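> Converting from the sequence shown to the working numbering requires adding 289 to each position, the first position being numbered 1. Yeah, the Cβ is synthetic: ideal placement off N, Cα and C, and Gly gets one too. No experiment lies behind these values; they were computed from the predicted model shown. There's a structure below that I have some questions on.
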Amino acid sequence: MKTKILFLFLSSISLATFSQKKAPEISETLLKTYVKYLASDKLEGRGTGTAGEAKAGAYITGILEKTGGLTPKGTTSWFYDFTFRFNPNPHDTDNSKAIERKGRDILAYIDNGAENTIIIGAHYDHLGLGNDHNSLDANPTGKIHNGADDNASGSAGLMELARYFASNNKKEQFNFLFCWFSGEELGLYGSKKFCEKPTIDFAKVNYMINLDMIGRLNDTTKKLLVYGVGTSPTWTPLMDKLQNGFTFKYDSSGIGPSDQTSFYLKDLPVLFFFTGQHADYHKPTDDWDKLNYKGEKKVLELVIKVVEETEKMPKLTFTKTKSAEATTRKYKVTMGIMPDYAFEGKGVHVDGVTDDRPAAIAGVQRDDIIIQLGDVKVENMQDYMKALGKIEKGMEVPAKILRGGKEIELKVKF
290 MKTKILFLFL SSISLATFSQ KKAPEISETL LKTYVKYLAS DKLEGRGTGT
340 AGEAKAGAYI TGILEKTGGL TPKGTTSWFY DFTFRFNPNP HDTDNSKAIE
390 RKGRDILAYI DNGAENTIII GAHYDHLGLG NDHNSLDANP TGKIHNGADD
440 NASGSAGLME LARYFASNNK KEQFNFLFCW FSGEELGLYG SKKFCEKPTI
490 DFAKVNYMIN LDMIGRLNDT TKKLLVYGVG TSPTWTPLMD KLQNGFTFKY
540 DSSGIGPSDQ TSFYLKDLPV LFFFTGQHAD YHKPTDDWDK LNYKGEKKVL
590 ELVIKVVEET EKMPKLTFTK TKSAEATTRK YKVTMGIMPD YAFEGKGVHV
640 DGVTDDRPAA IAGVQRDDII IQLGDVKVEN MQDYMKALGK IEKGMEVPAK
690 ILRGGKEIEL KVKF
């Protein structure tokens, strides 16, 4: 009898132990596997509406199918198809010359039966073969732009987050909508189209998190840019609490150079995580072997902590940010530079210059710091955007820059 009782006791322990599945972790191996495929030459840069982007979409949805616990939330299974008009010539303002392009967002949902939903997104398109005038390479046409950091890193990270939340044996106090956006590189088209006609009730969305270029965390500085902290009074104190292991640089605005902008404009709190600019940005050299996968894992673990902490809170309050009005205006001109958004000094640090655009023609170089444009003193990005807003096409304005510590004045013709 004692032997039988002991056997039953040990059996119950064994079954209990077996039934407790090991909690999932973000996998560096899977991140690298996903990025290597998405940023491979066979996808030819994942240009919006191209066969390469379609292969990327098939790959992502194939992983989602195998993951389990996820349901399609597109208009056609996983996919959310849309069309838009795009003029590949950035200098041409004649809209009649715009051509119709097609894009496909990918949407996956976890229904926890909760009142509110969290949206986590990343764009999966890139520059394709460099034909759309948005490459920073000197001679981009026909070259494969693999876009490993921009944004295979975010797409792979989103796949891992979807797997984590679908298999962590926990029913969070939120539902989840995971969105892979198309058309971001041409003007945030995929996120805009989705926000115009969403497949879920936006009145029940708590907040949106965007992952764009999260693969180049510097192991020395550990700097992580966090956009959107001004869109809810919750964000700054929460991120301060979670800062261990990172050096955060905050930007309060809900408007920025990625898809969180579309959701902010629908009055939703947003966060955008970004490990920073680098010399391979929008060039064919943005390859998979240059990414810091251990660093990306840390960023994704931070996102999980944000979710866990906000579970304990009421629905977040939305706040309009001060720079929104200035930043959302229509600009008639552009300089053709890539600003360094991680720069902490005064002025706008130039991280890249596009050939044959006003800045390049005027003599602006990479690593210059713009301190004045026209009659506007430039101390930050908001000042720079304000200056651009005052310039009309055809105008020539003075620009003061710092180069190697020396002030230089150039004439910029728009």
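#1: What do you reckon, are the CB atoms on Gly610 and Ser542 nearer than 7 Å?
#2: Which residues share a DSSP beta bridge with Val559?
#3: Can you tell me where the beta strand (DSSP E) holding Glu685 begins and where it ends?
#4: Any chance you could list the alpha helix (DSSP H) runs of at least 4 consecutive residues sitting entirely within the stretch 501–564, in chain order?
#5: Tell me the DSSP bridge mates of Gly336?
#6: Output the boundary residues of the beta strand (DSSP E) element that contains Ile697.
#7: Is Pro573 helix, strand or coil when you go by DSSP?
#8: Does the stretch 642–653 come close enough to the stretch 582–599 that 3 or more CB-CB pairs lie under 8 Å?
#9: Extract the residue ranges of the beta strand (DSSP E) inside the stretch 615–645, only unbroken runs of 3 or more that lie entirely within it.
#10: For a test of the three-state rule: what should DSSP assign to Ile680, helix, strand or coil?
#11: Can you list, in chain order, the residues of its chain with a C-beta nearer than 6 Å to that of Asp556? Leave out the 5 residues immediately preceding and following it.
#12: Grouping DSSP H, G and I as helix and E and B as strand, with all else coil, what is Asn464?
#13: According to DSSP, Ala347 sits in a beta bridge with which residue or residues?
#14: For Thr650, report the span of its alpha helix (DSSP H) as first-last.
#15: Using CA coordinates, which residue listed in Phe470, Asp664, Leu699 and Tyr516 is at the minimum distance from Lys538?
#16: Distance, Cα to Cα, Asp358 vs Trp469?
#17: State buried or exposed for Asp400, treating a residue as buried only when at least 16 other CB atoms are found within 10 Å of its CB.
#18: Could you tell me the distance, in whole angstroms, from the CA atom of Thr322 to the CA atom of Pro687?
#19: Taking the alpha-carbon of Ser329 as reference, which of Ala387, Asp438, Phe373 and Val637 has the nearest alpha-carbon?
#20: Closer than 7 Å by C-beta to Asp426: which residues in its own chain qualify, once you throw out the five before and the five after it? Chain order, please.
#21: According to DSSP, simplified to helix, strand and coil, what is Ile658?
#22: Give the DSSP bridge partners of Trp257, in chain order.
#23: For chain D, check one thing: does any of its Cβ atoms lie closer than 7 Å to the Cβ of Ala445?
#24: With DSSP collapsed to three states, give me the class of Ala613.
#25: How about Asp421 and Ser480: do their beta carbons lie closer than 7 Å?
#26: Cβ of Leu662 within 7 Å of Cβ of Asn495?
#27: Could you check if Lys682 is buried or exposed, using at least 16 other CB atoms within 10 Å of its CB as the buried criterion?
#28: Starting from the C-beta of Leu416, find all residues in its chain whose C-beta is less than 7 Å away, skip the five residues before and the five after it, and write them out in chain order.
#29: Strictly by DSSP, which residues pair up with Lys237?
#30: Taking the CB atoms as reference points, tell me whether Gly443 and Asp501 lie closer together than 7 Å.
#31: List the residues that DSSP assigns as beta-bridge partners of Asp438.
#32: If you draw a straight line from the alpha carbon of Ala631 to that of Thr536, how long is it in whole angstroms?
#33: Please state the DSSP three-state secondary structure of Lys579.
#34: On the DSSP bridge list, what partners appear for Pro361?
#35: Out of curiosity, what's the CA-to-CA distance linking Val622 and Ile593?
So, from the data block:
#1: Translated into the one-based positions of the sequence shown, residue 610 becomes position 321. Translated into the one-based positions of the sequence shown, residue 542 becomes position 253. It is worth fixing the name first, because residue 610 is Thr in this sequence and not Gly. Cβ atoms of Thr610 and Ser542: closer than 7 Å.
#2: By 1-based counting over the sequence shown, the position of residue 559 is 270. Per the DSSP secondary-structure output, Val559 pairs in a beta bridge with Met497.
#3: Residue 685 sits at position 396 when you count from the first residue of the sequence shown. Unbroken beta strand (DSSP E) run through Glu685: Glu685 to Arg692.
#4: For the alpha helix (DSSP H) assignment, the uninterrupted runs of no fewer than 4 residues enclosed by the stretch 501–564 are, from N- to C-terminal side, 524–530 and 549–553.
#5: As a position in the sequence shown, residue 336 is number 47, starting the count at 1. Bridge partners of Gly336: His415.
#6: Walking along the sequence shown from the start, residue 697 turns up at place 408. Following the DSSP letters along the chain, one finds Ile697 inside the beta strand (DSSP E) bounded by residues Lys695 to Lys702.
#7: On the sequence shown, position 284 is the one that residue 573 refers to. Of the three classes helix, strand and coil, the one that applies to Pro573 here is coil, per DSSP.
#8: Contact between the stretch 582–599 and the stretch 642–653 is absent, because fewer than three Cβ pairs lie under 8 Å.
#9: Inside the stretch 615–645, DSSP marks whole beta strand (DSSP E) runs of 3 or more residues at positions 626–628 and 637–642, from first to last along the chain.
#10: For the purposes of this step, residue 680 is identified with residue 391 of the sequence shown, where counting begins at 1. Coil at Ile680, not helix or strand.
#11: Here residue 556 corresponds to residue number 267 of the sequence shown, with the count starting at 1. Hits under 6 Å: Phe607.
#12: Numbered from 1 along the sequence shown, position 175 holds the residue referred to as residue 464. The answer is strand: DSSP assigns Asn464 an E or B state.
#13: Within the sequence shown, the letter at position 58 stands for residue 347. Residue pairing by DSSP leaves Ala347 without any beta bridge partner.
#14: By 1-based counting over the sequence shown, the position of residue 650 is 361. Strictly speaking, residue 650 in this sequence is Ile, with Thr absent from that position. Pro647 to Ala651 is the span of the alpha helix (DSSP H), which, as asked, contains Ile650.
#15: Along the sequence shown, read from residue 1 onward, the residue named residue 538 stands at position 249. The shortest C-alpha to C-alpha distance from Lys538 to any of Phe470, Asp664, Leu699 and Tyr516 is the one to Tyr516.
#16: Working through the sequence shown from its first residue, we reach residue 358 at position 69. Working through the sequence shown from its first residue, we reach residue 469 at position 180. Checking the sequence shown, residue 358 turns out to be Gly, not Asp. Straight-line measurement puts the Cα of Trp469 at about 17 Å from the Cα of Gly358.
#17: Looking up residue 400 in the sequence shown gives position 111. Classification of Asp400: exposed, given that the 10 Å Cβ count is below 16.
#18: Within the sequence shown, residue 322 is the residue found at index 33, counting from 1. Within the sequence shown, residue 687 is the residue found at index 398, counting from 1. Roughly 49 Å separates the two Cα atoms.
#19: The sequence position of residue 329 within the sequence shown is 40, counting from 1. Per the C-alpha coordinates, the member of Ala387, Asp438, Phe373 and Val637 positioned closest to Ser329 is Asp438.
#20: Counting from 1 along the sequence shown, the entry for residue 426 is found at position 137. So the qualifying residues of the chain are Gly419, Lys432, Lys572 and Pro573.
#21: As a first step, residue 658 must be located in the sequence shown, where it is residue number 369. In the structure shown, Ile658 sits in a strand (DSSP, three-state: E or B).
#22: The chain is shown only over 290 to 703; residue 257 falls outside these bounds and no answer can be derived.
#23: Annotation note: the requested chain D is absent from the structure, which comprises a single protein chain.
#24: Position 324 of the sequence shown, counted from the start, is the residue given in the question as residue 613. The predicted position of Ala613 is uncertain, since its pLDDT is 42 and thus under 50; no value can be drawn from it.
#25: As a working mapping, residue 421 is identified with position 132 in the sequence shown. As a working mapping, residue 480 is identified with position 191 in the sequence shown. No, the pair does not count as a contact, with Cβ atoms beyond the cut-off.
#26: Locating residue 662 in the sequence shown gives position 373, counting from the first residue. Locating residue 495 in the sequence shown gives position 206, counting from the first residue. No Cβ-Cβ contact shorter than 7 Å links Leu662 with Asn495.
#27: For the purposes of this step, residue 682 is taken as residue 393 along the sequence shown, with counting starting at 1. Under this definition Lys682 is an exposed residue.
#28: Counting from 1 along the sequence shown, the entry for residue 416 is found at position 127. Excluding sequence neighbours, Leu416 sits near Gly334, Gly336, Asn423, Ser424, His434, Gly436, Glu474 and His571.
#29: Missing from the structure shown is residue 237; the chain here goes from 290 to 703 and no further.
#30: As a first step, residue 443 is located in the sequence shown; it is residue number 154 there, counting from the start. As a first step, residue 501 is located in the sequence shown; it is residue number 212 there, counting from the start. In this structure, Asp501 lies closer than 7 Å to Gly443 by Cβ.
#31: Working through the sequence shown from its first residue, we reach residue 438 at position 149. For Asp438, which the question treats as bridged, DSSP gives no partner whatsoever.
#32: Taking the first residue of the sequence shown as 1, we reach residue 631 at position 342. Taking the first residue of the sequence shown as 1, we reach residue 536 at position 247. Rounded to whole angstroms, Ala631 to Thr536 spans 11 Å at the Cα level.
#33: Stepping through the sequence shown from its first residue, residue 579 is reached at position 290. Looking at Lys579 - three-state DSSP - the assignment turns out to be helix.
#34: As a working note, residue 361 is residue 72 in the sequence shown. Beta-bridge pairing links Pro361 to Ala397.
#35: Taking the sequence shown and counting its residues from 1, the one referred to as residue 622 is at position 333. Taking the sequence shown and counting its residues from 1, the one referred to as residue 593 is at position 304. Roughly 40 Å between the two C-alpha positions.
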